[in-house]
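Number 481 in the working numbering belongs to position 480 of the sequence shown; there are no gaps in the numbering.
Heads up, the beta-carbon is just placed ideally off N, CA and C, and yes, glycines get one too.
Please read all numbers here as calculations on a predicted model, not as lab measurements.
What follows is a single structure, written as structure tokens, with notes after it.
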Amino acid sequence: MTAVSHSTITYPAFCEGILHFGDTPQGFDALGSSPVIGEGQSSIANIDDKAVFQCRLLVDALRYATLQLCASKESGHPGGFASSADAYAALVMLGHTNIVTEVGHHAPGFYSAMFLDGSLEDMGIYTMNDLQARFRERDGLLGHLSGAIPGLLAPAGPLGQGQHFAMAGAYLNRDKLFPCTIGDGGLGEPYILSAFKHFHTSYPDVTNFLPVLVWNGFSQEHHSMVSLMNNQQMHDYWKAHDFATIVLIDAKDFDDAGQDGAYVDSTLFSVSARTAFTRAVLEGAKQAADAAMNGSMSVLIIKQLKGAGVHAKGAKSHNLYPGDTSQKDNIAAALQRGALAPEAWELVRTNMQRAGGGTASRTVVTEFERPVADIGALPKQDFQVGDKAVPATSMAHMVAELGKRDPTFVVTNADGNEASNMKVINDVLKIRHPTEDALYNQSPNGQVYEPLNEDACAGFAAGLALFGGRSLWLSYESFAINGWPIIQTVGQAMAELRRKTPAMVSMFTAGALEQGRNGWTHQRPEIENYIGGQMRNGNVYLLYPADANMIQAAYGWAVGQHNKNISIIASKSALPVYTTPAQAKAAIEQGAVTLYESRDGSWETIVFAVTGDMIYLPVFAAKDQLEAAGYRVRIVCVANPRRLYRPTDVAWQHAAEADDKFMHDADFQRLFDGDALVCVSGGGTIALEPVMLRSRAPARELFGWQRGETTASPAEIMAYNGITAAQLAARALGMLESEPSELSEAA
């Protein structure tokens with residue numbers, strides 16, 4: 002197919018900016034005279050010569066648009082998607098457009114697909130020129146996928162996450178297929194197949210997801226780690242993870258161009274051989290998709306060389322660099338080889354716009370706000386000030402009731418709810434398990450998902466929230482870091498969404514102070530700093546309820562929020578109750594509340610600003626010592642530190658469902674003004690940053706976690722970290738009693 006100057010021909014308006022057009026392909030009059038997906042239809046009716054021919058045109062269009070798009074910015078990743086284009090096109094022609102991916106580097110291919118079906122018109126992208134102008138630019142098409150792009154279901158960037166979105170979509174929408182493309186370079190991520198296997202064990206009836214392995218032999222800069230597997234070994238690998246229907250299409254079986262190696266480029270085949278390959282991909286995709294929709298866990302594997310049809314082969318095709326323009330010899334040659342005739346572009350667009358019942362931006366499940374069950378106000382227990390109660394347990398009763406009211410609600414936990422003093426969740430909602438056992442609260446219909454893998458727990462919970470369902474991820478904060486990356490990904494995605502979706506809620510129990518006997522392996526509260534560092538993002542919230550009343554207020558607030566990423570930190574030990582329910586609610590909504598203030602005192606005022614719950618024990622003990630010395634003391638619970646930032650500190654205005662609630666200066670000063678401010682945390686200290694930023698106290702100090710050790714009690718681990726009543730009081734007194742010259746010398 003030779004390229005011709007498009008200045009002398011007529012082409013569809015959306016093609017404005019396409020650099021090369023080709024001749025009308027042989028057989029177009031007979032096989033391309035009308036769209037194979039008829040008006041009012043959502044997929045091809047049969048896999049006949051016409052369907053195969055038009056599917057091949059779609060493959061060519063996807064490859065061409067992807068390469069020209071990347072070349073327009075001398076940046077981006079065309080090679081991986083190029084080797085998956087046959088599978089993507091086949092699924093679309095079969096009407097399956099709820100496609101997610103594990104591969105962020107496939108972004109330009111997915112954007113090309115959304116351009117071809119017209120979805121990107123919703124963001125003002127009408128032509129190829131528009132597409133190129135908005136690629137990898139602010140408020141445009143991100144370098145890696147975002148679910149905020151019209152027609153795209155989920156973000157993709159970190160490897161090993163896409164399968165969670167596919168399974169969550171399948172769980173919430175049993176009548177639709179959710180294909181998920183997976184690169185063989187990313188297949189080495191340790192959780193992809195184990196996540197599928199555990200999900201299948203727990204939900205054997207939910208099989209309407211379809212991993213699509215793009216087996217092209219290469220990763221980003223080298224051969225993939227599975228490149229030496231033969232076809233039987235790859236088949237056995239998936240079979241070992243419960244996949245019953247394994248469809249493997251190997252381009253090598255159709256090669257008539259004499260290509261060397263196990264991985265070949267189908268675009269170099271003769272027309273007849275390429276037609277046969279395209280037919281096989283269509284038939285294989287239909288077999289795998291039909292099986293997945295009919296109760297068989299299925300996988301579609303497309304084996305062909307990375308970079309098929311673009312400017313380079315293997316890992317060298319992965320991405321473009323400065324200087325890789327559309328005029329560069331190898332790129333220009335590839336574009337000319339892959340150029341389509343104007344009438345072919347028109348045919349491709351029509352099929353794309355009809356596939357799946359309409360443009361993706363109007364039909365895929367995440368383009369709609371999903372209705373959720375009306376759960377009303379969750380019941381709370383009113384604990385009396387001065388009582389002792391377990392924060393985790395009080396929240397657990399609310400979680401159990403929510404699950405009763407919303408049957409699609411799922412709790413995920415890798416370490417066990419009983420270990421976190423939340424057994425009532427298991428009692429009421431049951432652990433999802435094929436072995437029914439009342440002693441262990443196991444049931445095949447349970448709502449508690451317990452893979453011993455934080456990535457799988459966090460991934461499923463995050464996917465459900467992003468796709469419009471309610472979920473809760475429970476973990477020890479010690480181990481939460483193993484699942485946090487996808488929570489962070491989804492949190493950012495929620496900030497960009499054009500629709501409302503339930504907040505992603507997590508609660509981390511058994512903090513470092515409670516894990517003395519287990520030692521430093523279970524004492525990793527530094528994740529609080531990781532989460533706290535994201536609060537400036539605009540939709541991330543780190544909640545520190547001080548007691549059992551306040552954790553109920555925190556969870557009640559969280560389940561009523563949308564497009565937020567909310568984490569609650571709390572203990573599983575019986576601790577004093579400091580607040581009334583009304584005070585607890587105010588603390589969460591406003592950001593902080595005074596737990597205690599001295600009635601009198603002849604000396605200066607010392608303010609303790611505190612995050613946590615158990616950590617109040619030494620703080621209140623320090624208060625007694627300071628009051629005995631004649632000082633006034635105010636103890637303030639920093640419950641929702643995001644509320645304590647100044648509006649200019651947080652990118653709230655850029656977040657969907659923007660939240661502009663911040664504590665006013667006068668209210669902040671009433672809480673935190675004093676002669677000395679002592680900020681105290683049993684974990685990370687970054688959540689106290691807004692207090693330190695806004696405080697006008699002339700003397701300030703910060704106590705927090707330093708490192709772990711094996712200890713016999715929380716008091717001992719606190720002492721090991723320098724947090725005792727005596728040290729808190731001494732430091733407060735030291736700040737007040739120091740002369741300015743002494744403070745200067747100390748600084």
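- Judged by DSSP in its simplified three-state form, W239 adopts helix.
- With contacts defined as CB atoms closer than 8 Å, P212 and F197 qualify as a contacting pair.
- Taking C-beta separations shorter than 6 Å and ignoring five residues to either side along the sequence, the partners of W604 in its chain run G631, Y632, following chain order.
- Burial is judged here by how many other beta carbons sit within 10 angstroms of a residue's own beta carbon; K381 has at least 16 and is buried.
- One Cα belongs to D614, the other to A730, and the distance between them is close to 19 Å.
- Take D243, set aside five residues on each side of it, and the residues of its chain with a beta-carbon closer than 6 Å to its own are K198, H201, M298, in chain order.
- Using a 10 angstroms sphere on the CB of H655, the tally of other CB atoms stays under 16, which defines it as exposed.
- One Cα belongs to H312, the other to A335, and the distance between them is close to 5 Å.
- Rounded to the nearest whole angstrom, the C-alpha separation of V248 and A167 is 18 Å.
- In the three-state reduction of the DSSP assignment, M508 falls in the strand class, which pools E and B.
- G189 and D61 have their C-alpha atoms roughly 29 Å apart.
- Under the 10 Å beta carbon count, F210 is surrounded by 16 or more other beta carbons and is classified as buried.
- Rounded to whole angstroms, the gap between the alpha carbons of A397 and Q162 is 28 Å.
- Per the coordinates, the alpha-carbon of G96 lies some 38 Å from the alpha-carbon of I482.
- By the criterion of a C-beta distance shorter than 6 Å, V506 is surrounded in its chain by L473, A559, I567, once the five residues flanking it on both sides are discounted.
- Within the same chain, G592, A593, V639, F663, M664, F669, P691, V692, R695 come within 8 Å of L645 by CB-CB distance, once the 5 residues on both sides are set aside.
- By the Cβ rule, the region 142 to 151 does not count as touching the region 84 to 91, because fewer than three pairs are nearer than 8 Å.
- When the beta-carbon positions are compared, G357 and T351 stay at least 8 Å from each other.
- Under the criterion of beta carbons closer than 8 Å, V300 and W239 qualify as touching, at roughly 5 Å.
- Minimum Cα-Cα distance from M235 among the listed residues I302, L173, V265 corresponds to I302.
- For P212, the enclosing beta strand (DSSP E) starts and ends at 210 to 216.
- Taking 8 Å as the cut-off, the beta carbon of V391 is found closer than this to the beta carbon of A575.
- In terms of Cβ geometry, V265 and D257 do not form a close pair [threshold 8 Å].
- The beta carbon of A494 lies closer than 8 Å to those of S147, G148, A149, A155, P156, L467 in the same chain, with the five residues before and after it left out.
- The continuous alpha helix (DSSP H) containing W485 extends over residues 485 to 497.
- For C680, the enclosing beta strand (DSSP E) stretches over residues 677 to 682.
- Excluding residues up to 5 positions away in sequence, R137, L321 lie with their Cβ nearer than 7 Å to the Cβ of S76 in the same chain.
- Put simply, the region 323 to 333 does not touch the region 30 to 47. Fewer than three CB pairs are less than 8 Å apart.
- Restricting attention to H319, D666, S203, P205, the CA atom closest to the CA of A108 is found in H319.
- Excluding its 5 nearest sequence neighbours in each direction, T490 has C-beta neighbours in its own chain below 7 Å: P156, G158, P159, Q162, listed in chain order.
- Per the Cβ contact rule, the region 124 to 132 is in contact with the region 8 to 28 (3 or more Cβ pairs under 8 Å).
- Cα atoms of H224 and R355: separation of roughly 38 Å, rounded to the nearest angstrom.
- In this structure, the alpha-carbon of A293 lies about 13 Å from that of L92.
- Apart from the 5 residues on each side of it in sequence, G520 sits with its Cβ closer than 6 Å to the Cβ of T711 in its chain, given in chain order.
- Per DSSP, the unbroken beta strand (DSSP E) holding Y477 starts and ends at 472 to 477.
- In the structure shown, the three-state DSSP call for L32 is helix.
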